[in-house]
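Participant:
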Amino acid sequence: LFGTEYEKVNAEFFTNIRGPFPYTSNVDKSRDTLGVFTKTNLLVDDYILASGIRYDTIDGFGDKITGRLGVSKNGFRSSVSLGYRVPTLYEMYGKDNYGFTGNPDLKEEDTLSFEIGYANDFSDTAIFITQETDAIVYTNTYVNDKSKSYTKGIENKLFFDVGGINVVNNLAIISAKKSNGDDKLRRPNITNNTKFSKLVNNMLYSFDIDYYGKHKDINSATWQTISVDPVVTYNAE
């Protein structure tokens, strides 16, 4: 498989929220990314070997090469991959009335990830660790973490049928830390999504329960780091 991709991102907005704590923010920038990629799968002695490589050229960040190598057999799998995340245009150029100004000198965040997992007819489980170089973190603006940081976790997906109702449950337990050991913002240790769905007269009905666990965030009035309680939401379609 070979492909190419072009992405243009335009960030042009002005937010003006009135009230006891009025809030305005704005950014007006754009970015172009051009990428090419190739993927292959090989069967060798009952092992499936998967590989992929991607080349991107990104406005303001130059050239990036990423890729993935993986092997699987009888439901077991393992992989190693290289990735990156460029800062958003707001992280680099945004402004608000509380003194936030983006950091135009931000570098991209590079990642090296390892994963092992196992899947069968009713469950899919993966354990992973990601090493991040120049991780983008928030202080009074966004900066690059000068030391390596790590995100570790386990994810499990269960899928089964109960009385004609399809049930899918996705659970993630994750530890995302800065290099100094502090929790990263908006990275709850536990998230869970449970989805119930049923097809009736060619119409699909579904009901979701989402749990977004306790996490760290920034208080919009004081700009201090705070702990945010878990949130549960419900959605019906």
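Numbering (our numbering) for the sequence shown: 17 to 253. The beta-carbon is built from N, C-alpha and C at its ideal position, and this holds for glycine as well. None of these values were measured; they are calculated from a predicted model.
Report yes if the CB atom of G99 is closer than 8 Å to the CB atom of S67, and no otherwise.
Facilitator: Cβ distance not < 8 Å, so G99 and S67 don't count as in contact.
Participant: Please name the residue, chosen from I234, N209, K232, that lies closest to F223 on a Cα-to-Cα basis.
Facilitator: N209
Participant: Where do the N-terminal and C-terminal ends of the beta strand (DSSP E) with E148 fall, by residue?
Facilitator: 139 to 149
Participant: Pairs of beta-carbons, one from the stretch 152 to 159 and one from the stretch 170 to 182, closer than 8 Å: are there three or more?
Facilitator: no
Participant: When the Cα atoms are used, what is the spatial distance from I143 to K55?
Facilitator: 23 Å
Participant: Kindly indicate which residue of Q147, L122, F175, D177 has the alpha-carbon position closest to the one of S163.
Facilitator: Q147
Participant: Which of the three DSSP states, helix, strand or coil, is assigned to I106?
Facilitator: Looking at the sequence provided, one finds Tyr at residue 106 rather than Ile. It is helical.
Participant: Could you please give the first and the last residue of the uninterrupted beta strand (DSSP E) stretch that includes E131?
Facilitator: It spans 125 to 135 - the beta strand (DSSP E) in which E131 sits, taken as one unbroken run.
Participant: Tell me whether P36 is buried or exposed, calling it buried when 16 or more other Cβ atoms sit within 10 Å of its Cβ.
Facilitator: exposed
Participant: Mind checking which residues open and close the beta strand (DSSP E) that includes G51?
Facilitator: 39 to 60
Participant: Suppose you measure from the CA of S88 to the CA of I170; what does that come to, to the nearest Å?
Facilitator: Whole-angstrom Cα-Cα distance: 18 Å.
Participant: What does the Cβ neighbour count give for G133, buried or exposed, with the cut at 16 atoms within 10 Å?
Facilitator: buried
Participant: Where does E253 sit, in a helix, a strand or coil, going by DSSP?
Facilitator: coil
Participant: By how many angstroms is the C-alpha of F18 removed from the C-alpha of Y62?
Facilitator: Note on residue identity: the sequence assigns Asp, not Tyr, to residue 62. Whole-angstrom Cα-Cα distance: 25 Å.
Participant: Comparing C-alpha positions only, which one of I152, E124, N113 sits nearest to I33?
Facilitator: N113
Participant: Is DSSP giving S67 helix, strand or coil here?
Facilitator: Residue state, collapsed to three classes: strand.
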